[in-house]
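Protein chains in written order, with my numbering: chain A, 1 to 380; chain B, 1001 to 1380.
Everything below concerns the one structure shown next.
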């Protein structure tokens, strides 16, 4: 893989040097976290590796004060193991006492992808929400909402869209271009709505100023910066500065960022055991040598091996993981054997997940900020 | 006055040739109206002189089917006799069975004039609404709302702002520039919200497709065209094409368009009798001759005389008005005498109006789509 890499909201490519990104974006490495965090695989293994203003969140947790975790989902394609990284953080922050706001970005999908609101609703309700719930999301202190129908509470609905409209005051066209590459009226309103998504948990109608953390992939940092900048300029609201954390990308089977629209890149949480076996064996980029003899002699490279990378997300046991690493590097463990370990691990996880997912389907309504009757009354 | 004139949303100047405007804008002259209309001074005297697609409205009235009159107000400055032209149409359409939607453009005032939402609310509640009510607006079938807090009904609030967001899809930056001269993100969201103001009465949440008429001054036609164009392109909604009517400008005391920010231009509906007398005598542009002798000999020009123009709005009796016209033209009626007639007429009207206006203050809540508790919870 090349040393050159690109990480922007509209392109992620090359082999990403996260250390370099931290410096370029002016992020702070996540270090010295309390035990509750290091008990979690994602923080312990630096899958979540950097932040902005995260100390506010740590202080709130320590002092048992309210805080919010806000995130959004683009309701397109299949729910894959990359999406699970955010979903696991949802359940984790909830266990620490966070209130959760989860935006289904249907207005953004409409403008950026030309997807109807109805299709966005279907994808969110059939693909995303059941998986979130199966991955541990609880209905208490949690609001899932659609950008196109924020709330069944009129005061809250008005306040959310009012904020979107007010935020436009201090924005410039060139800022939007810097974040989005190209800009149209539709993309601009979607960008403002996304900023409102991140900031509205602090409106008085939603409980007033409060520390909010938005966990994102590094490619999303320009969106965070825009929301932070707009908040700082909007003096009428006294926003606590947004906190954010940055997680690594789960690589696609062939490397790069996992893409839900490419079967050869992603493992969906709905894939069956046979499909997972086929995909891992056929498409997973291997760090092993071309022949068994060469592998035994020189060993493989776990750092580029996609099967090993996936195990770092799914094998909870640090000791086991280290053994896989060492054995693969020494040549003791063959590429096919490593893949077989991953396949077994993934399929055990998916079998359990899919059972939970079916049960979750009946509970979607417990999570929604606005019930069915608030959805659009015509085809969009 | 010069023959050159300009009528755009951001400039109205020169002596306006309404016939030329009708041709240039592609409007249709209002002709052959039924008696209910010609009984009304504004229609009989061609103060409302042209339209687009008004036949839909006439048909609805004839067939006693539902129709809507939608209008907005910019909550700045004082309520003056120019504003009364729209207010009188409100009461008139209500008497014909229309449902009324009246938008207080506080988001637009925020972006275009830098005015806070609180100040907009104050101006609307203290200046505009009491005058509308005093001029005959009934609470039945009437919704006054603020753009920043559309409704106390969550389904309606969500639907209104959803429409604003959806309309952006089919808009281009150059269209906004054509309507607004210059454009910023703030002005753009305000423009989209204005289009939503005109179109949202047709959403299913508000009763579904229905003929809607928007009465405007000719300078506002670009806004109408933008809303019509966006509606036509937004296939998900089946909008009945917007109808509009066009009324003449009430001239300012010195000519031109009446401006509420210029004391020498406007007569406010809160002005006392002494102020009205002073303003008319001092500032009203006269079509009379310089000396009594010259006036008696050559006569005055009622067509440019502002006092006479005002009488065409306030003297209901066609015969009396014709006599003023003829006598002024022949020189029998002097400029000072004509002004005295107007002053008496205006002051009688204002005395009655101001009494009604005070009574109206107690009834504002009967007209509002969202009560006080839905207003913004912080200073904007």
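Virtual Cβ for every residue (Gly too), placed ideally from N, Cα, C.
Within a Cβ cutoff of 7 Å, which residues of the same chain sit near residue 343 (chain A), ignoring the five residues on either side of it in sequence?
276, 277 and 280
request  = Could you tell me whether the stretch 329-338 of chain A touches the stretch 287-299 of chain A, where touching means 3 or more Cβ pairs closer than 8 Å?
outcome  = yes
Count the other CB atoms, across all protein chains shown, that sit within 10 Å of the CB of residue 1437 (chain B); report buried if there are 16 or more and exposed otherwise. Summary: the structure shown does not reach residue 1437 (chain B), with chain B confined to residues 1001 through 1380, and so no result is reported for it.
Query raised in the report: Does any residue of chain A bring its CB to less than 8 Å from the CB of residue 1069 (chain B)?
Result: Interface with chain A (8 Å Cβ-Cβ cutoff): residue 1069 (chain B) is excluded.
Item to complete: Examine chain B for any beta-carbon lying closer than 8 Å to the beta-carbon of residue 393 (chain A), and answer yes or no.
Response: Outside the modelled stretch of chain A, which goes from 1 to 380, sits residue 393 (chain A), for which no answer is possible.
**Message:** One question on the structure: do residue 19 (chain A) and residue 61 (chain A) come within less than 8 Å of each other, judged by their Cβ atoms?
**Reply:** no
Next item on the list: Can you give me, in chain order, the residues of the stretch 24-53 of chain A that have a beta carbon less than 8 Å from any beta carbon in chain B?
Entry: Nothing from the stretch 24-53 of chain A brings a Cβ to less than 8 Å from some Cβ of chain B.
Discussion item. Just verifying my parser: in three-state terms, what is the DSSP assignment at residue 1072 (chain B)?
Written reply: The three-state secondary structure of residue 1072 (chain B), taken from DSSP, is strand.
Look up residue 341 (chain A) in the DSSP assignment and say whether it is helix, strand or coil. Residue 341 (chain A) sits in a helix when the DSSP states are folded into three classes.
Beta carbon proximity, residue 239 (chain A) to chain B, threshold 8 Å = no
State buried or exposed for residue 1241 (chain B), treating a residue as buried only when at least 16 other CB atoms are found within 10 Å of its CB. exposed
request  = Anything in chain A within Cβ reach of residue 1120 (chain B), meaning under 7 Å, just list it in chain order.
outcome  = In chain order: nothing, as chain A lies at least about 12 Å away.
*In the DSSP assignment, find the unbroken beta strand (DSSP E) run with residue 1008 (chain B) in it and report its ends.*
Where residue 1008 (chain B) is concerned, the enclosing beta strand (DSSP E) stretches over 1006-1008.
*With a cut-off of 8 Å on the beta carbons, I'd call residue 148 (chain A) and residue 107 (chain A) a contact; round off their distance for me.*
6 Å
Which of helix, strand or coil does DSSP assign to residue 183 (chain A)? coil
Requested in this report: Give the DSSP-derived three-state secondary structure of residue 375 (chain A) in the structure shown.
Outcome: coil
ask   = Along chain B, which residues have their Cβ under 7 Å away from the Cβ of residue 186 (chain A)?
value = 1168 and 1169
What's the call for residue 1269 (chain B), buried or exposed, on a 16-neighbour Cβ count within 10 Å?
-> buried
Open item on the list: I'd like the list of long-range same chain contacts for residue 1375 (chain B), defined as Cβ closer than 7 Å, with 5 residues on each side in sequence excluded.
Closed with: 1121 and 1149
Against chain A, does residue 1372 (chain B) count as a neighbour if the rule is that its beta carbon must be under 8 Å from one of theirs? no
Practice task
Identify every run of the beta strand (DSSP E) within the stretch 30-92 of chain A, keeping only runs that are complete inside it and at least 3 residues long; order them along the chain.
Solution key: 48-52 and 68-73
Q. Quick one: does residue 1379 (chain B) have its CB under 8 Å from some CB of chain C?
A. Checking the listed chains, one finds no chain C in this structure; the protein chains it contains are A and B.
query: With which residues is residue 1102 (chain B) paired in a DSSP beta bridge?
result: B:1071 and B:1144
Check your understanding: Would you call the stretch 191-211 of chain A and the stretch 222-233 of chain A touching, i.e. three or more CB-CB distances under 8 Å?
Key -> yes
Practice prompt. Specify, as a first and last residue, the run of the alpha helix (DSSP H) that residue 965 (chain B) falls within.
Written response: Residue 965 (chain B) lies beyond the range of chain B shown here (1001 to 1380); nothing can be said about it.
* Asked: Do we get a CB-CB distance below 8 Å when we pair residue 1153 (chain B) with the residues of chain A?
  -> At least one chain A Cβ lies under 8 Å of residue 1153 (chain B).
Which of helix, strand or coil DSSP assigns to residue 28 (chain A): strand
By how many angstroms is the C-alpha of residue 1034 (chain B) removed from the C-alpha of residue 200 (chain A)? Linking residue 200 (chain A) to residue 1034 (chain B) through their CA atoms gives a straight-line distance of about 52 Å.
Tell me which same chain residues have a C-beta within less than 7 Å of the C-beta of residue 1366 (chain B), skipping the five on either side of it? 1139
Straight-line CA distance for residue 1219 (chain B) to residue 1187 (chain B)?
-> 17 Å
- Is the stretch 303-321 of chain A touching the stretch 37-49 of chain A in the sense that three or more CB pairs, one from each, lie closer than 8 Å? yes
- So, does the CB of residue 133 (chain A) fall closer than 8 Å to a CB anywhere in chain B? Residue contact check for residue 133 (chain A) against chain B: no CB pair falls below 8 Å.
Beta-ladder partner(s) of residue 1292 (chain B), from DSSP: Paired residue(s): none; residue 1292 (chain B) is not in a bridge.
Next item on the list: Find the residues of chain A that neighbour residue 1008 (chain B), judging by a C-beta separation of less than 7 Å, and give them in chain order.
Entry: Those do not exist, as residue 1008 (chain B) stays about 21 Å from chain A at its closest Cβ, beyond 7 Å.
For this session: Please confirm if the stretch 77-91 of chain A is in contact with the stretch 256-267 of chain A, defined as three or more CB-CB distances below 8 Å between the two stretches.
Result: yes
- Query: Under 8 Å, do residue 373 (chain A) and residue 1181 (chain B) count as touching if we go by C-beta distance?
  - Reply: no
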